[in-house]
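**Student:**
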Amino acid sequence: MQITIRGMTPELEQEIQRLARQEGISLNKAALRIMARGANLDRPGECGIGNSLDHLFGTWSPAEAKAFLRFVGPCARIDKDFWK
30 MQITIRGMTP ELEQEIQRLA RQEGISLNKA ALRIMARGAN LDRPGECGIG NSLDHLFGTW
90 SPAEAKAFLR FVGPCARIDK DFWK
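Counting from 30, one number per residue, gives the positions in the sequence shown under the working numbering.
Here it is, written out as structure tokens:
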């Protein structure tokens, strides 16, 4: 499969080039490694992207969970005027 990626940030481009130089691999292989790392495919058995808060799962009491949902509830409201 071949894919074209547009809109790459200069920082990401530099990281791909750095990894390619460091590992002595092609830019393509470096980009694939970075994508696999970002998708958490290089660490089987671990959660996917955004697992930095996983250690908190299940630590709230029912009262704490209810309070949290009450406080974030307004975030779920849709401002219809904004979307016109």
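Each residue gets a CB set at the ideal place from its N, CA and C atoms; glycine is no exception.
Predicted model, so just to flag it, every value in this text is computed and none were measured.
With a cut-off of 8 Å on the beta carbons, I'd call residue 48 and residue 65 a contact; round off their distance for me.
**Tutor:** Position 19 of the sequence shown, counted from the start, is the residue given in the question as residue 48. Position 36 of the sequence shown, counted from the start, is the residue given in the question as residue 65. So it is not a contact: roughly 12 Å between Cβ atoms.
**Student:** Start and end of the alpha helix (DSSP H) containing residue 99?
**Tutor:** As a position in the sequence shown, residue 99 is number 70, starting the count at 1. Where residue 99 is concerned, the enclosing alpha helix (DSSP H) stretches over 91-101.
**Student:** Measure the CB-CB distance between residue 56 and residue 46 and report whether it falls below 8 Å.
**Tutor:** In the sequence shown, the residue the question calls residue 56 occupies position 27. In the sequence shown, the residue the question calls residue 46 occupies position 17. Against a cut-off of 8 Å, the Cβ pair of residue 46 and residue 56 comes out as a contact.
**Student:** Curious, which full-length alpha helix (DSSP H) runs of at least 4 residues does the segment 33-93 contain?
**Tutor:** Listed in chain order, they are 39-52 and 56-67.
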